[in-house]
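Okay, structure first, notes after.
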Amino acid sequence: MKKSLLYFITIFTVIFVLTGCVNKVDYNSVSNYSDETLTSALTSMNELDYDKFSSYLSDDLKESYNLATFQSETTNIMNKIGTFESLTYYDGEERNGYISLIYDAKYSNSQDTVSISITFKKDDKEHKIYQLYFDSAIINN
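In numbering that gives the first Met the number 0, the protein residues as written are 0 to 140.
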């Protein structure tokens, strides 16, 4: 049920983000907060620190990604690919007032990188995460 809700929210967000004008993101203008926020969120997953992790989430995402979901998803990720080590920016776009970025992340027990999509609201001065998605056949199966 919780996975279904998370997938529904992710799909809704992706559809919402995909409908509208698309502009390439100037990485230099967002990297100062996007890299730090994503690195901190992923590190808090390594530490199994839900309070720290949830502090980076928007209110809507925080409602759907509660402690039980965090524990389940984090355990799944760590069991399958290990702990987060580093990330590299891949691509990004701005659409309908949201900034979506894709990073390639390296995990301790995986030879391959894991694509991670993160979305911020353009007007949000706190730079909260509005969407976070791991694109990995190993994790999602």
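Cβ atoms here follow ideal geometry from the backbone N, Cα and C, with glycine treated the same way. Remember, predicted model here, so these are calculated numbers, not experimental data.
- For F133, the beta-bridge partners assigned by DSSP are I115.
- In the structure shown, T87 falls within a strand segment according to DSSP collapsed to helix, strand and coil.
- For L41, DSSP assigns no beta-bridge partner whatsoever.
- By the 16-neighbour rule on beta-carbons within 10 angstroms, Q130 is buried.
- Under the criterion of beta carbons closer than 8 Å, L86 and Y102 qualify as touching, at roughly 4 Å.
- Taken through DSSP and simplified to helix, strand or coil, N31 comes out as helix.
- Annotated as proximal: G81 and S109, with beta-carbon spacing under 8 Å.
- Taking 8 Å as the cut-off, the beta carbon of K121 is found closer than this to the beta carbon of Y97.
- Distance from the CA atom of T42 to the CA atom of E92, rounded to whole angstroms, is 25 Å.
- Distance from the CA of I128 to the CA of N139, rounded to the nearest whole angstrom, comes to 20 Å.
- Between the beta-carbon of H126 and that of Y32 there is about 4 Å, and that keeps the pair under the 8 Å contact cut.
- Within its own chain, the residues whose Cβ lies closer than 8 Å to the Cβ of V29, once the five positions on either side in sequence are excluded, are G91, I98, L100 and F119, listed in chain order.
- In terms of Cα proximity to T74, the closest of T36, S114, E46 and N27 is E46.
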